[in-house]
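Read through the structure below, which is laid out as structure tokens, and then see the notes.
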Amino acid sequence: VVFVSAAFQEIGYLNQNELTHYAENLKAFLDLPAPLRMKLKGDSLCRVGKYMAASRVYRQIIDEADDIGFKGAFLGAVWHNRGVAEMKLMLFDEGLSSFRKSMEMRPIRRHVMSYVEALGITKPKEKYDEEIVRLRKFLSELSEETDFDENVIDEAEEILRVARSGIEVDIPADIYTYVQDLADEYH
């Protein structure tokens, strides 16, 4: 930290006020609990498109969860972000599983929306419909307060309809073979 600060100051990269602000932010970051620092690292990796590395960071947090005693809200966010990274890597089953876990741990609007949207773009209509029935049942049985109402699935489905407008796509039962065939055709 001292070396970096000195280097920034020496080359004129930061003025004194910026250097002070940088040092304060760095200290605040280093004072955070290690799991939160790890999550922020994973989030940063996701933002710059390093999904595999982000997924590994999230996996490490999840693997250590029992040892550290994480809270459900925190782990729900970690599972959700892991699902985002997995979907970007086209690991659809893993992404859906992570989104499902995030909903179970912390049933909030963003987690439900992500799960429904991921289902809609990765599963054939029959499987999608089956999962939506299970999801509606799961959400109706929640006893805790949520930040969404019973229309959240309909809202997610509307987003899917708009995204698909003008495009008729039948998602094959074996999405992996389909994607591999597309890749083979391209190359």
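Numbering (the working numbering), first residue to last: 623 to 809. C-beta atoms are modelled at their ideal positions from N, C-alpha and C, and glycine is treated no differently. All values reported here derive from a predicted model rather than from experimental measurement.
Whole-number beta carbon distance between residue j and residue i, since they are thought to touch under 8 Å
i	j	result
Asp769	Arg731	5 Å
Ala707	Ser677	4 Å
Gly717	Gly705	5 Å
Met660	Leu711	The Cβ separation is near 19 Å, so there is no contact.
Ile781	Lys745	Contact flag wrong, Cβ pair sits at about 16 Å.
Glu723	Trp701	The residue asked about is misnamed: residue 723 is Lys in this sequence, not Glu. Confirmed, about 4 Å.
C-alpha distance - residue i paired with residue j, whole-angstrom precision
i	j	result
Asn773	Ile797	29 Å
Glu767	Tyr800	41 Å
Ala629	Asn647	17 Å
Arg728	Ala778	18 Å
Leu658	Ala740	26 Å
Phe625	Gln631	10 Å
Ala795	Leu652	47 Å
Tyr680	Phe760	25 Å
Gly742	Asp806	25 Å
Gly634	Glu686	41 Å
Glu763	Met725	13 Å
Arg669	Arg756	32 Å
Ser719	Lys649	36 Å
Ile754	Met735	12 Å
Buried or exposed by the 16-neighbour rule on C-beta atoms within 10 Å, applied to residue i
i	result
Phe721	buried
Ile683	buried
Val784	exposed
Lys749	exposed
Asn703	buried
Ala699	buried
Val738	buried
Residue i Cβ short of 8 Å to the ligand GTP heavy atom set
i	result
Ile684	The ligand GTP is not among the ligands present in this structure, which contains no ligands whatsoever.
For a minimum of 4 consecutive residues, which ranges assigned as the alpha helix (DSSP H) are wholly contained in the region 670-734? 673-685, 687-690, 694-710 and 714-727
What runs of the alpha helix (DSSP H), each 4 residues or longer, lie entirely inside the region 729-804? 731-744, 747-762 and 774-786
Count Cβ pairs between the region 660-670 and the region 639-646 that sit closer than 8 Å; are there 3 or more? no
Suppose only complete runs of 3+ residues qualify. What are the beta strand (DSSP E) ranges in the region 630-659, listed by chain order? none
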